[in-house]
Amino acid sequence: MSNNKYKILIVEDESNIRSFMATNLEANGYQVLTAATCQQGLLVFTSHLPDVVVLDLGLPDRDGLEFIKTVRRSSMTPIIVLSARTDEADKVSALDLGANDYMTKPFGTAELSARVRVALRSNRYASVAVASGGRFILHDMVIDYDRRQVTIKNEVIRLTQTEYNILALLSAHVGKVMTYSAIIRAIWGSADDGSVKKLQVNMANIRKKLGSKPGDNMYIVNELGVGYRMCDENL
Numbered sequence: 000m001s002n003n004k005y006k007i008l009i010v011e012d013e014s015n016i017r018s019f020m021a022t023n024l025e026a027n028g029y030q031v032l033t034a035a036t037c038q039q040g041l042l043v044f045t046s047h048l049p050d051v052v053v054l055d056l057g058l059p060d061r062d063g064l065e066f067i068k069t070v071r072r073s074s075m076t077p078i079i080v081l082s083a084r085t086d087e088a089d090k091v092s093a094l095d096l097g098a099n100d101y102m103t104k105p106f107g108t109a110e111l112s113a114r115v116r117v118a119l120r121s122n123r124y125a126s127v128a129v130a131s132g133g134r135f136i137l138h139d140m141v142i143d144y145d146r147r148q149v150t151i152k153n154e155v156i157r158l159t160q161t162e163y164n165i166l167a168l169l170s171a172h173v174g175k176v177m178t179y180s181a182i183i184r185a186i187w188g189s190a191d192d193g194s195v196k197k198l199q200v201n202m203a204n205i206r207k208k209l210g211s212k213p214g215d216n217m218y219i220v221n222e223l224g225v226g227y228r229m230c231d232e233n234l
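By numbering that gives the first Met the number 0, the letter at position 233 of the sequence shown is numbered 232, and the numbering carries on one by one without gaps.
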């Protein structure tokens, strides 16, 4: 099935990388828009309203973080950050500002395509499944939002209210890396010195109850030092 109804905006100042990504995405049936600076990217974004943005942080005119701040004032369009910066603080800053994902250079074409597919799917889940109640399904796990119930192979999983809230939050942003601070703010409203540890304890309990095992039934991935991601079945 062709994906040509989807528009992908690439904001990258290195022409060889920009061309490389554009060629790969066009080969997968997407419409590709490009920009070499933050300002150009914002103009293209406003005029064309892409479905996903792939954004480099090291732009010549303004830091890519400024692009995220500006876009998030009016749009929840998925943003995949692509950068040579590997410091965890940079990742956390981008994700806390509203980026959906973070890839580091160098990267492979298969990974880029997969991240774009996840971003498109996560956007649909967030705007349709959660907004209308309904259910979230991943492998053999079902989250029934209306009943606040989680089942695996039709067996009810007994979660505490906090554990359910964490799981539902991650599922509402499937494929998106949620930072520790973002989860803590959403679940508890504020943070203290023990907040990250409290989150980690709850997450360990969730994983145990879901029966998660390395390489099998990986519903949730730990992005070390950054946060957690609800898996997409195809990534």
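Using N, Cα and C, we set each Cβ at its ideal position, and we do this for glycine too.
#### Entry: serine 235 in three-state terms, based on DSSP
Summary: the structure shown does not reach residue 235, with the chain confined to residues 0 through 234, and so no result is reported for it.
### Opposing strand residues paired with glutamine 148 [DSSP bridges]
Looking up residue 148 in the sequence shown gives position 149. Note: glutamine 148 sits in a beta bridge opposite Asp143.
### Query
Given a threshold of 16 other Cβ atoms within 10 Å of its Cβ, counted over all protein chains shown, does leucine 64 qualify as buried or as exposed?
As a working mapping, residue 64 is identified with position 65 in the sequence shown. Here leucine 64 is buried. Its C-beta has 16 or more other C-beta atoms within 10 Å.
### Query
When you compare each of Lys68, Phe135, Leu209 and Ala109 to arginine 120 by their alpha carbons, which one comes out closest?
Position 121 of the sequence shown, counting from 1, holds the residue named residue 120. For arginine 120, the nearest C-alpha among the options comes from Phe135.
### Message
Do valine 51 and proline 77 have their beta-carbon atoms positioned less than 7 Å apart in this structure?
### Response
Residue numbering aside, residue 77 sits at position 78 when the sequence shown is read from its first letter. Residue numbering aside, residue 51 sits at position 52 when the sequence shown is read from its first letter. A contact, by the Cβ cut-off of 7 Å.
### Task
Kindly indicate which residue of Thr36, Ser180, Ala21 and Val91 has the alpha-carbon position closest to the one of glutamine 30.
Looking up residue 30 in the sequence shown gives position 31. Nearest option by C-alpha distance: Ala21.
### Task
Buried or exposed for serine 170, please, with buried defined as at least 16 other CB atoms from any protein chain shown within 10 angstroms of its CB.
Within the sequence shown, the letter at position 171 stands for residue 170. Under this definition serine 170 is a buried residue.
### Task
Determine the direct distance from the alpha carbon of glycine 133 to that of valine 127, and round the result to whole angstroms.
Walking along the sequence shown from the start, residue 127 turns up at place 128. Walking along the sequence shown from the start, residue 133 turns up at place 134. Unreliable placement is indicated for valine 127, whose pLDDT of 42 sits below 50; no coordinate value is reported for it.
### Task
Classify glutamate 162 as buried or exposed, calling it buried when 16 or more other Cβ atoms lie within 10 Å of its own Cβ.
Along the sequence shown, read from residue 1 onward, the residue named residue 162 stands at position 163. Buried is the call here.
### Task
May I ask you to report which of helix, strand or coil DSSP gives methionine 237?
The first residue shown for the chain is 0 and the last is 234, placing residue 237 beyond what the model contains.
#### Entry: Cα-Cα separation, asparagine 23 to glutamate 11
Position 24 of the sequence shown holds residue 23. Position 12 of the sequence shown holds residue 11. Their Cα atoms are separated by approximately 15 Å.
### Query
Can the beta-carbon of isoleucine 205 be found less than 7 Å from the beta-carbon of leucine 168?
Taking the first residue of the sequence shown as 1, we reach residue 205 at position 206. Taking the first residue of the sequence shown as 1, we reach residue 168 at position 169. Contact flag unset, no.
#### Entry: Cα-Cα separation, histidine 47 to asparagine 153
Here residue 47 refers to the residue found at position 48 of the sequence shown. Here residue 153 refers to the residue found at position 154 of the sequence shown. Near 44 Å, if we compare the C-alpha coordinates of asparagine 153 and histidine 47.
### Query
Measuring CA to CA, which of Ile156, Ala113 and Asp192 is closest to glycine 210?
Your numbering for residue 210 matches position 211 in the sequence shown. Here the closest residue by C-alpha is Ile156.
### Query
By the 10 Å Cβ neighbour count, where 16 or more other Cβ atoms means buried, how is tyrosine 227 classified, buried or exposed?
In the sequence shown, the residue the question calls residue 227 occupies position 228. The residue is buried, with at least 16 neighbouring Cβ atoms inside 10 Å.
### Query
Taking the alpha-carbon positions, what's the tryptophan 187 to threonine 178 distance?
One-based indexing of the sequence shown puts residue 187 at position 188. One-based indexing of the sequence shown puts residue 178 at position 179. Each residue's Cα considered, the two are about 14 Å apart.
### Task
Within the segment 0 to 37, note down every full beta strand (DSSP E) run reaching 3 residues or more, in order along the chain.
Those beta strand (DSSP E) runs which fall completely within the segment 0 to 37 and span 3+ residues are 6 to 10 and 30 to 34.
### Query
Among Pro49, Leu41, Gly57 and Lys6, which one has its Cα closest to the Cα of isoleucine 16?
Walking along the sequence shown from the start, residue 16 turns up at place 17. Checking every option, the nearest Cα to that of isoleucine 16 belongs to Gly57.
### Message
Going by C-alpha to C-alpha distance, which of Thr45, Ser180, Gln38 and Met229 sits closest to methionine 75?
### Response
Taking the sequence shown and counting its residues from 1, the one referred to as residue 75 is at position 76. Between methionine 75 and the set Thr45, Ser180, Gln38 and Met229, the nearest pair of CA atoms involves Thr45.
### Query
Quick one: is leucine 42 buried, meaning 16 or more other Cβ sit within 10 Å of its Cβ, or exposed?
On the sequence shown, position 43 is the one that residue 42 refers to. By the 10 Å Cβ count, leucine 42 comes out exposed.
#### Entry: Reduced DSSP secondary structure (H/G/I, E/B, other) of phenylalanine 135
Residue numbering aside, residue 135 sits at position 136 when the sequence shown is read from its first letter. Residue state for phenylalanine 135 is assigned as strand, using DSSP reduced to three classes.
### Query
When burial is assigned at 16 or more other CB atoms within 10 Å of the CB, is aspartate 55 buried or exposed?
Within the sequence shown, residue 55 is the residue found at index 56, counting from 1. So aspartate 55 counts as buried.
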